[in-house]
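In the working numbering, the protein residues as written are 669 to 928.
For every residue, glycine included, the Cβ atom is placed at its ideal position computed from N, Cα and C.
Since this is a predicted model, take the numbers as computed values, not measurements.
Down below is the structure, laid out as structure tokens.
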Amino acid sequence: MKSLYGILLAAVVLAGCNNSAPAPETTKEPENGKVGKTAETSDILDELVIKDVKVGKGEPVKAGDTCFVRYRGLLVDGTEFDSNMVEGRELFSFQAGPGGQVIEGWKTGVIGMKEGGERKLSIPWKMAYGEGGSGKIPPKADLYFTIKLESVLRAGEEATVSRKILKQGTGVAVKKGDKIEVDFIGSLLDGNQIDSGKYVFTVGEGEVIPGIDAGVIGMKKGGKVKLQIPPAAAFGQFGREPTVPAGAFVIYEVELLGFK
């Protein structure tokens, strides 16, 4: 597991914690409190239109939260100009609200979504790429997106690791300074595997990513945990080529084989 050496020595807080689709449907009445028009009712959208196809679970997205999504974008004539809803494409992440580095329609349009939810956004050109357009997107183009929210990283929890106990162990609990052997499997949020194997390390010495260092504390021999680790406690803003993209959320299942 040499790939886990020397990555991000920062402290970590441990907490329990585009597929083909039809063009946007006609909106005859306000959707979710938003008033606007879609392609079939007008050549030009007046306002952002939001339609929830599937409501997810958990706390709604707020400004400042980081969203990990799959999406598909269409022009008014139904032409697809971008999508990551295909096998092998990475999840896209961005910050909801004013600080996000995406178009205004996305920053505003994901507010209130919940994990696992799917939403259609009809975005007027003034909240998209404006008078100039961008790449395949012509000037003054209204855009139509389907967005699936896969995961949310809450503002203020950028270094928080979520731990789920899969199997209780027995005996002495792991503490900082212990030398232990683990069996592990690491993957991205979309399920693509990035790591696996057995590894011996000293807890708290920075020999593994911070999320694992924190996540094994309190484990007992034979125990197994599932750790959902944000970028700040994993491989950071640069990732780890070629398997971990920049700013990636990772998931590790870790089994404690014993002490050394």
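Cα-Cα separation, E693 to V744: A caution first: E693 carries a pLDDT of 36, below 50, which makes its placement in the model unreliable, though a value can still be read off. Each residue's alpha carbon lies about 11 Å from the other.
Would you report the Cα separation of P913 and V729, rounded to the nearest angstrom? 23 Å
Within the segment 840-907, ranges of the alpha helix (DSSP H) (whole runs, at least 4 residues): 878-883
Give the straight-line distance between the Cα atoms of V842 and K866, rounded to the nearest whole angstrom. 17 Å
Considering only residues of the same chain and omitting the five flanking positions on each side of Q769, which have a CB-CB separation below 8 Å? F762, Q763
Report all residues from its chain with a CB closer than 7 Å to the CB of E772; omit the five preceding and five following residues, and keep chain order. M795
Element boundaries [beta strand (DSSP E), containing K835]: 828-835
Could you name the residues of the same chain whose beta carbon sits closer than 7 Å to that of V893, not counting the 5 residues immediately before and after it, in chain order? R831, K832, I833, L834, G883, M887, V922
Taking CB distances under 8 Å as the criterion, tell me whether G865 reaches chain D. Any reference to chain D falls outside this structure, which holds one protein chain only.
Going by the CB atoms, is the gap between V723 and G785 shorter than 8 Å? yes
What is the DSSP secondary structure of E772, reduced to helix, strand or coil? helix
D858 to R757, Cα distance in whole Å? 9 Å
Could you tell me the distance, in whole angstroms, from the CA atom of L856 to the CA atom of L759? 9 Å
Among D881, K788, A731, L789, whose alpha-carbon lies nearest the alpha-carbon of G765? A731
Going by the CB atoms, is the gap between I877 and F903 shorter than 8 Å? yes
Mind checking who F917 pairs with in its DSSP beta bridge? DSSP lists no partner for F917.
Looking at the secondary structure, which residues open and close the beta strand (DSSP E) in which V717 lies? 717-722
Is K725 helix, strand or coil by DSSP? strand
Please tell me whether P792 and L716 are closer than 8 Å, where the distance is taken between their beta carbons. yes
Between the C-alpha atoms of T734 and K889, what's the straight-line distance to the nearest angstrom? 35 Å
Return the bridge partner residues of D750 from the DSSP annotation. G741
Over the uninterrupted beta strand (DSSP E) stretch that includes R757, give me the two end residues. Looking at the DSSP string, R757 is not in any beta strand (DSSP E), and its letter there is neither H nor E.
Going by the CB atoms, is the gap between V754 and I815 shorter than 8 Å? no
Could you tell me the boundaries of the beta strand (DSSP E) in which I791 lies? 786-791
Where G777 falls: helix, strand or coil (DSSP): helix
6 Å CB neighbourhood of E875 in its chain, flanking five on each side removed: F869
Relative to the alpha-carbon of N752, which residue among L817, G879, D720 has its alpha-carbon at the smallest distance? L817
Could you tell me the distance, in whole angstroms, from the CA atom of I862 to the CA atom of D851? 14 Å
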